[in-house]
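Residue numbers (mature numbering (1 follows the signal peptide of the UniProt record, and there is no 0)): -16 to -1, 1 to 433.
Since the structure comes first, as structure tokens, the remarks are kept for the end.
Structure representation (structure tokens):
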């Protein structure tokens, strides 16, 4: 009897994955909003592709792959059909570029497909929330096709796509970080007032001090390791300018006029933004193409390929890339589950606060995902996929250290392009945060709640 029930459960889940309502009618789905479950499922597909990229960057995989004569070059063709593949396309940055191209193409396809979906009654909403097995097959097919793209100018052109997309994704990270810090500060202030406890104020003070401490420590370390007397003028200018800008936004955040217009604004948000700005500044300094001013450069540009003349390689597991990967994972998960109380953030991110469901509906849908978008979607399907499209480009640049492929030396080389993109992103982020502080003063007739 138990075996029969188990088989029926597997058949039910299999049919759900192939159907149009997999996360509404299936008992195997978690008890949550269908909109949240669908976003998490798409995010899982993105993380699955990132895992493949990391595996393909591992030197152990590279050495083992070259030991397989039926995979790598050297096997004679049969009937004019090659009996091998170029192992270089399966390794290092070439594999990352192709895998992330497949992810970006997959999410861009859904970006176009889901334009102007207003409710779950739209037939396209069934594609968004169901048919997961077929979505996986589509992604798999695009991935296989991506590895047949000839080298040529593909990697060089796709590098600049990655630069632009990563710049935009860094700005999205800033928006989410501002929203998170604002919600955090507002929540703890409300709890402090409701419970008349100083512990919440102490917690806010501690984390504000912590984030400012991280920012100051980062500044000192960057001056020590990325600048030298009589040299590295660019690094000194970048660090000094961002230090001045961080001091300015911190002062503006506590001005009486700003506090009057935004009572929940304070140094906690400013400290978080300053710490993130210094993180982006650090990432920029790690791409300066000068070994005297960049201690990360020699460790990254060394190649360990079995056949350096045929294969591009790059080591991504240095500190900037690992921290960038962690930030990417947290930001992507936050995009999938977030529901902000800030109207301006919801307008910018094209989401809205989902109203709670009725008690009776909770009883009917208990144990499975339920449709909460019959009257209107809780987020823009198209914009969500566009964010994942940008995330695919950002993780491509992160795993390849923002290095550009060089067809002459067959290596990954650091360029000033990556440096300026990151520095400009840090300035744009500071300006965006400054605008959130002064906008209620400059536009008093608008609702900035």
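Ideal placement from N, C-alpha and C gives every residue a C-beta, glycine not left out.
Spatial neighbours of residue i in its chain, beta-carbon cut-off 7 angstroms, leaving aside the 5 residues before and after
i, result
"residue 99", "366"
"residue 436", "Not covered by the structure: residue 436. The range shown for the chain is -16 to 433."
"residue 88", "373, 376 and 377"
"residue 152", "374"
"residue 399", "273 and 388"
"residue 203", "223, 227 and 262"
"residue 94", "369"
"residue 316", "27, 30 and 375"
"residue 380", "80, 81, 84 and 146"
Coarse secondary structure for residue i, derived from DSSP in three states
i, result
"residue 363", "strand"
"residue 389", "strand"
"residue 101", "coil"
"residue 397", "strand"
"residue 219", "helix"
"residue 436", "An answer regarding residue 436 cannot be provided, because it is not within the stretch -16 to 433 covered by the chain."
"residue 232", "helix"
"residue 417", "helix"
"residue 226", "helix"
"residue 96", "helix"
"residue 384", "coil"
"residue 84", "helix"
"residue 371", "helix"
"residue 377", "helix"
"residue 277", "coil"
"residue 272", "coil"
"residue 428", "coil"
"residue 248", "coil"
"residue 90", "helix"
Cβ separation of residue i and residue j, assumed to be a contact under 8 angstroms, to the nearest whole Å
i, j, result
"residue 258", "residue 211", "With 8 angstroms as the limit, residue 258 and residue 211 do not qualify as a contact, their Cβ atoms being about 19 angstroms apart."
"residue 192", "residue 251", "5 angstroms"
"residue 21", "residue 383", "Contact flag wrong, Cβ pair sits at about 28 angstroms."
"residue 27", "residue 320", "5 angstroms"
"residue 29", "residue 123", "6 angstroms"
"residue 176", "residue 421", "Going by Cβ atoms, the distance from residue 176 to residue 421 rounds to 22 angstroms, so no, they are not a contact pair."
"residue 253", "residue 162", "7 angstroms"
"residue 361", "residue 101", "6 angstroms"
"residue 156", "residue 371", "6 angstroms"
"residue 418", "residue 245", "Contact doesn't hold; Cβ gap of about 14 angstroms is too wide."
"residue 234", "residue 243", "That belief does not hold up - the Cβ atoms of residue 234 and residue 243 are roughly 13 angstroms apart, past 8 angstroms."
Contacting residues, own chain, Cβ-Cβ under 8 angstroms from residue i (five flanking each side not counted)
i, result
"residue 219", "206, 210, 211, 269, 272 and 277"
"residue 261", "199, 226, 229, 230, 410, 413 and 414"
"residue 23", "319, 320, 321, 363 and 368"
"residue 213", "none"
"residue 279", "209 and 210"
Contacting residues, own chain, Cβ-Cβ under 6 angstroms from residue i (five flanking each side not counted)
i, result
"residue 406", "264, 267 and 268"
"residue 130", "82, 85 and 86"
"residue 291", "Note on residue 291: pLDDT 43, under 50, position unreliable in the model; the coordinate value appears next. Cβ within range, chain order: n/a, list empty."
"residue 33", "83 and 87"
"residue 216", "277"
"residue 143", "388"
"residue 170", "248"
"residue 195", "255, 256 and 259"
N-terminal and C-terminal residue of the alpha helix (DSSP H) that residue i is part of
i, result
"residue 316", "303 to 321"
"residue 253", "251 to 269"
"residue 39", "18 to 41"
"residue 238", "Residue 238 -> no alpha helix (DSSP H), and no H or E assigned at all."
"residue 119", "116 to 130"
"residue 107", "107 to 113"
Any non-hydrogen atom of the ligand NAP closer than 7 angstroms to residue i Cβ
i, result
"residue 177", "The model depicted lacks the ligand NAP and carries no ligand whatsoever."
| query | Counting only runs that start and end within the region 146 to 216, where is the beta strand (DSSP E) found for 3 or more residues in a row? | reply | With a minimum length of 3 residues, no continuous beta strand (DSSP E) run stays inside the region 146 to 216.
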